[in-house]
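I have placed the structure first, in the form of C-alpha cells, so that the comments after it can refer back to it.
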Amino acid sequence: MALSEKEIGTLNEIAWKIRRSVVQTTQWAGGGHIGGGLSQVEILVALYFHYMKVDPENPQWEDRDRMVLSKGHGGVGLAPVLAEKGFFSSELLKTFNHTGSLFGMHLDRLKVKGLDASTGSLGHGLPIAVGLALGARLKNKDWRTYCIMGDGELAEGSIWEGAMAAAHYKLNNLTGFVDRNMHCIDGCTEDVMSLEPIGEKWTAFGWNVLECDGHDFKALGEKIEKAQQLDDKPTVIICHTVKGKGVDYMEDKPEWHYGGLDTSMAEDALKSIDRMYNKI
Amino acid sequence: MSEESGLTYSVYDTDHMTPAEIYGHVLAQLGEERKDLVALTADLAKSTKIGKFGEKHPERFFNVGIAEQNLFGIAAGLALAGYVPFVSTFAVFASLRAGEQVRTDICYQNLDCKIIATHSGLSFGTAGSTHHCTEDLAVMRSFANMTVVVPADGIETANAVRASLDRPGPLYMRIGRGFEQTVYEKENYDFEIGKAVTMHEGSDITVIACGPCVLQALEAAKELKESQGIEVRVLNMHTIKPIDREAIIEAVNDTRKIITVENHSVIGGLGSAVAEVITEEGKSCRLKRLGIPDVFAIVGQTDDLYNLYKIDAEGITEAVAEMLGKEVEEDDDWEDEL
Numbered sequence: 321m322a323l324s325e326k327e328i329g330t331l332n333e334i335a336w337k338i339r340r341s342v343v344q345t346t347q348w349a350g351g352g353h354i355g356g357g358l359s360q361v362e363i364l365v366a367l368y369f370h371y372m373k374v375d376p377e378n379p380q381w382e383d384r385d386r387m388v389l390s391k392g393h394g395g396v397g398l399a400p401v402l403a404e405k406g407f408f409s410s411e412l413l414k415t416f417n418h419t420g421s422l423f424g425m426h427l428d429r430l431k432v433k434g435l436d437a438s439t440g441s442l443g444h445g446l447p448i449a450v451g452l453a454l455g456a457r458l459k460n461k462d463w464r465t466y467c468i469m470g471d472g473e474l475a476e477g478s479i480w481e482g483a484m485a486a487a488h489y490k491l492n493n494l495t496g497f498v499d500r501n502m503h504c505i506d507g508c509t510e511d512v513m514s515l516e517p518i519g520e521k522w523t524a525f526g527w528n529v530l531e532c533d534g535h536d537f538k539a540l541g542e543k544i545e546k547a548q549q550l551d552d553k554p555t556v557i558i559c560h561t562v563k564g565k566g567v568d569y570m571e572d573k574p575e576w577h578y579g580g581l582d583t584s585m586a587e588d589a590l591k592s593i594d595r596m597y598n599k600i
Numbered sequence: 048m049s050e051e052s053g054l055t056y057s058v059y060d061t062d063h064m065t066p067a068e069i070y071g072h073v074l075a076q077l078g079e080e081r082k083d084l085v086a087l088t089a090d091l092a093k094s095t096k097i098g099k100f101g102e103k104h105p106e107r108f109f110n111v112g113i114a115e116q117n118l119f120g121i122a123a124g125l126a127l128a129g130y131v132p133f134v135s136t137f138a139v140f141a142s143l144r145a146g147e148q149v150r151t152d153i154c155y156q157n158l159d160c161k162i163i164a165t166h167s168g169l170s171f172g173t174a175g176s177t178h179h180c181t182e183d184l185a186v187m188r189s190f191a192n193m194t195v196v197v198p199a200d201g202i203e204t205a206n207a208v209r210a211s212l213d214r215p216g217p218l219y220m221r222i223g224r225g226f227e228q229t230v231y232e233k234e235n236y237d238f239e240i241g242k243a244v245t246m247h248e249g250s251d252i253t254v255i256a257c258g259p260c261v262l263q264a265l266e267a268a269k270e271l272k273e274s275q276g277i278e279v280r281v282l283n284m285h286t287i288k289p290i291d292r293e294a295i296i297e298a299v300n301d302t303r304k305i306i307t308v309e310n311h312s313v314i315g316g317l318g319s320a321v322a323e324v325i326t327e328e329g330k331s332c333r334l335k336r337l338g339i340p341d342v343f344a345i346v347g348q349t350d351d352l353y354n355l356y357k358i359d360a361e362g363i364t365e366a367v368a369e370m371l372g373k374e375v376e377e378d379d380d381w382e383d384e385l
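So the sequence lines, in the order shown, correspond to chains A and B. Numbered as in our numbering, the first sequence ends at 600 without a single skipped number. Numbered as in our numbering, the second sequence ends at 385 without a single skipped number.
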C-alpha cells in the first residue's frame, strides 16, 4: 500500500533528525564519509522506519528483514539510523571513531546492534546479500534482504558476480539499491570509470530495474513496494541522489566524499538542513 | 573412528578412494545428519569432489560458476542466515583470488564456515604456478579467528571434516589433488584439532611434517632406523593453527634437532610456525625447514617436484644425515632438559 501523506510527513521528520545526526556524528568522529552518508538517508529511513521488519528489542530475531550496506563507508549515516530506531542509545554516537569505540567508519556486525553484516571493502555486500536471500529461501522464511550499493562501487567486478548469481537463483526476495549520487572519491563516476548505461547493465544481468528520485519518499515507497510484487527476478532501484544532500556547501561536491567539520562548519550544516525541512 | 564417529570409512576405502573423494563422501554423509550444512563451489564440483554432497542434497548445494569472490561472499551470507557452509575450490583461488572475502567476510565476522581447499601445494604440478599453491598456509594462518588444518591422508581428512563441526568458526583445510597415498594403517587413532600425532618414535632427531609430507617423513624414518639405527621421531602436525606448542617443545627438549617438511613455501607455513615456537621458548635447537624455496616452482610431475625440492623421503633422509653431523650449542638449562 502506497505511503500516505501522513506517513511521508513522519518519514521526512525522521530524515531531518537523521541528517542532523549524521552531521553531528561526523563532527564527533573527527571526520567521516558525510557526502554518501547524506545521499543515502531516505533509502535507509524508508527501509528501517516503514518497510523492514526489525525488532530493536531482539536484534537477532530470525524472521527479521536484512539490510546489507554494501557501500560500507556509509556507516556514519547508518549508525544514526540504528540509534534512532532504538537498537542503542544515540549517546554512543559521540564515541564514533574514538579509540576502542563500538563504532568505526566501517561498521562491525559483532559490535553494532542491529547491523546485519560487516562491510567496508567495496563490492563485498551484494554477494553477502545473495547468500542471505538464498538462506531465506532455503529456510522457507519470508524475510527480505535489502542491499544498498554505492554507484562508484559498481566498478568492482564482484558486484557483477553477485548480480549474475542473484538473477540465476531468481532471488525475488532481494532488493538492491544503487545510491546514484554520481561521485566516487576522485570525481564524477563518468569521468573516473563510466558506469552508464547503468540500468541497461542491470537489465542485461537479469534484474528488474526501477528508477526514482532517491530523496522522494513517495517515489521510493512505490518502487520498494513494486519490487516486492515482482516475481522471478531480483530488483534493483536506481536511486538518483545528491551527494551531501541537505548541506548546501557540500551538495554535489566530490571533495565532500570524506571530510571533517569544525564547530562553525557543523553549525552551518545544521542550519542548512533545518532550512531544507523548513525548520527555520 | 568408524564406530565412534558414526562414519563408515575404513582403510579399505582409503586404498580405493582419494582424500578428496573421501571428503566428498563424508560431507555428503554429514549432510544427512546435519540439515544446516550447505556446500558451495565455483565450477569445481567434480574436481574438488564437493559435488558428492550436491548429488545427495541438491537443494543445499550451490555451484556459483567461475567466480570465487562471489563464492565466499555468498557463503558468508548463508552463514549469517544460520547455515554452516562448506566451500571448496582450488587452494590458490581460495587463499589468493578470494583472500579478501575469506578474511573480511568470513574471518572478521567470525562466521562458522569451513573452507576445504584442494589442489594445494604442488599437487597440481603440471599445471604450473598459476595453479600451484605454496602460499596459502602463510596467508590463512595470519587471518584472525582462522583455524588451519592440513590432513595427512584420506582417513585424516574424514576425521578432520567431522572434527571441524565441533569447532565453530572459520576453518581452512588444505588437501591435494587426490593422488596422495594413505599414511594411516588404522582408523582408530586419536585425532584432535591442535594436537600433533606421533607417527614414529625417536630420540635422535625430530621431523615435523604436514599433509602428504607426513608419509615421506615416515618412510625416511623407517629406512634410517633399518639401515643405520637412527631414531627419528615423526610428528604429524596436521594443525598449523593453533599449533601444538607442547609437542614442539617436547621434541626440542628430547632431540634438539628439528626438521620441518611441507608442500608449501619455506616462508610462512609449518616451518615458520615451528620456528616461532622454538625461538619464543628460547631453546637451543638446530632447525632446518624443508619446503619450496623462495621461487615459483617449475612445472612437473608432483613426485618429481617433491624430489627436486627435497621434500620426499630421499630429501628428508639427506637432511637428517646432514643435521646429525652438526653440533647444537648448549644453553643454560641444557642439563635439566636432556
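Using N, Cα and C, we set each Cβ at its ideal position, and we do this for glycine too. Model, not experiment: these values are computed from the prediction.
On a Cα-Cα basis, can you pick out the residue from the options that is closest to residue i?
i: I295(B); options: L262(B), R333(B), E278(B); result: R333(B)
i: K96(B); options: S319(B), P215(B), I163(B); result: I163(B)
i: G172(B); options: M370(B), G347(B), E374(B), A360(B); result: G347(B)
i: D152(B); options: L430(A), S592(A), W527(A); result: L430(A)
i: G318(B); options: M370(B), A344(B), V254(B); result: V254(B)
i: A322(A); options: P376(A), A366(A), L442(A), H426(A); result: A366(A)
i: G146(B); options: Q156(B), A122(B), Y130(B), D183(B); result: D183(B)
i: A298(B); options: K288(B), L262(B), G249(B), V342(B); result: G249(B)
i: G477(A); options: M513(A), I354(A), K459(A); result: M513(A)
i: H166(B); options: D159(B), T177(B), Q156(B), L158(B); result: T177(B)
i: E361(B); options: E270(B), I325(B), K288(B); result: E270(B)
i: N157(B); options: T181(B), F190(B), I113(B); result: F190(B)
i: N598(A); options: K573(A), E325(A), D436(A), N332(A); result: N332(A)
i: G351(A); options: S438(A), T583(A), S592(A), C467(A); result: T583(A)
Taking the beta strand (DSSP E) that residue i falls in, what are its first and last residues?
i: N206(B); result: Run containing N206(B): none in the beta strand (DSSP E); it sits in the alpha helix (DSSP H), 201-212.
i: D533(A); result: 528-533
i: M596(A); result: From DSSP, M596(A) is part of no beta strand (DSSP E) but of the alpha helix (DSSP H) over 583-596.
i: N558(A); result: It is worth fixing the name first, because residue 558(A) is Ile in this sequence and not Asn. First-last of the beta strand (DSSP E) with I558(A): 555-560.
i: C257(B); result: No beta strand (DSSP E) contains C257(B), which DSSP labels as neither H nor E.
i: E309(B); result: 304-312
i: T466(A); result: The question names Thr, but residue 466(A) is Tyr in the sequence shown. Taken as a continuous stretch (DSSP letters only), the beta strand (DSSP E) holding Y466(A) covers 465-470.
i: M370(B); result: It is not in any beta strand (DSSP E) - M370(B) instead sits in the alpha helix (DSSP H) that spans 360-371.
Could you pull out every residue in the same chain whose Cβ sits closer than 7 Å to the Cβ of residue i, ignoring the five residues on either side in sequence?
i: G424(A); result: N417
i: K546(A); result: L530
i: G553(A); result: According to the sequence as given, residue 553(A) is Lys; it is not Gly. Counting only Cβ-Cβ distances below 7 Å, and skipping sequence neighbours, we find A487, K490, N492, G526, W527, N528.
Using a Cβ-Cβ cutoff of less than 6 Å, which residues in the same chain neighbour residue i once the five nearest sequence positions on both sides are dropped?
i: I358(B); result: C260, V308, L337
i: N493(A); result: A453, A456, R464
i: A141(B); result: I162, A164
i: A483(A); result: F525
i: Y130(B); result: D83, V85
Could you tell me the alpha carbon to alpha carbon distance between residue i and residue j, rounded to whole angstroms?
i: A349(A); j: H444(A); result: 25 Å
i: V343(A); j: G420(A); result: 21 Å
i: M48(B); j: E234(B); result: Confidence at M48(B) is low in this model, with a pLDDT of 38, below 50, so the placement of that residue should be treated as unreliable; the coordinate-derived value is given next. Going by the C-alpha atoms only, they are around 5 Å apart.
i: G357(A); j: G564(A); result: 7 Å
i: E51(B); j: E79(B); result: Its pLDDT being 41, under 50, E51(B) is placed unreliably by the model, and the measurement read from it follows with that caveat. C-alpha separation (whole angstroms): 17 Å.
i: F497(A); j: E473(A); result: 12 Å
i: A67(B); j: R209(B); result: 14 Å
i: C508(A); j: Y578(A); result: 15 Å
i: A335(A); j: F369(A); result: 10 Å
i: L385(B); j: T286(B); result: Only weak support is given to the placement of L385(B): the predicted model assigns it a pLDDT of 47, under 50, and the value that follows is read from those uncertain coordinates. Whole-angstrom Cα-Cα distance: 27 Å.
i: A256(B); j: F238(B); result: 16 Å
i: K335(B); j: D83(B); result: 44 Å
i: D471(A); j: H503(A); result: 7 Å
i: M64(B); j: N283(B); result: 21 Å
i: V111(B); j: A485(A); result: 7 Å
i: G175(B); j: G225(B); result: 17 Å
i: D594(A); j: I557(A); result: 28 Å
i: S592(A); j: K326(A); result: 24 Å
The alpha helix (DSSP H) spanning residue i covers which residue range?
i: Y219(B); result: From DSSP, Y219(B) is part of no alpha helix (DSSP H) but of the beta strand (DSSP E) over 218-221.
i: V324(B); result: 317-328
i: H488(A); result: 477-488
i: P400(A); result: 395-405
Sorted by chain position, which residues of the same chain lie with C-beta nearer than 8 Å to residue i's C-beta, five sequence neighbours on each side aside?
i: A185(B); result: H311, S312, I314, G315, G316, S319
i: T434(A); result: As written in the sequence, residue 434(A) is Gly, which differs from the Thr given in the question. The answer, listed in chain order, is V374, P376, P379, L402, K405, F407, F408.
i: A86(B); result: L74, G78, I97, F100, G101, H104, R107, F108, F109, P132, F133, V134, S135
Below 8 Å on the Cβ atoms is my contact criterion, and I expect residue i with residue j to pass it. Report the Cβ-Cβ distance as a whole number of Å.
i: I252(B); j: V230(B); result: Between V230(B) and I252(B) the Cβ distance is about 20 Å, and since that is not below 8 Å, they are no contact.
i: K242(B); j: D291(B); result: 6 Å
i: G440(A); j: G120(B); result: At roughly 13 Å, the Cβ-Cβ gap does not stay under 8 Å, so G440(A) and G120(B) are not in contact.
i: D436(A); j: M372(A); result: Actually they do not touch by this definition, with Cβ atoms about 10 Å apart.
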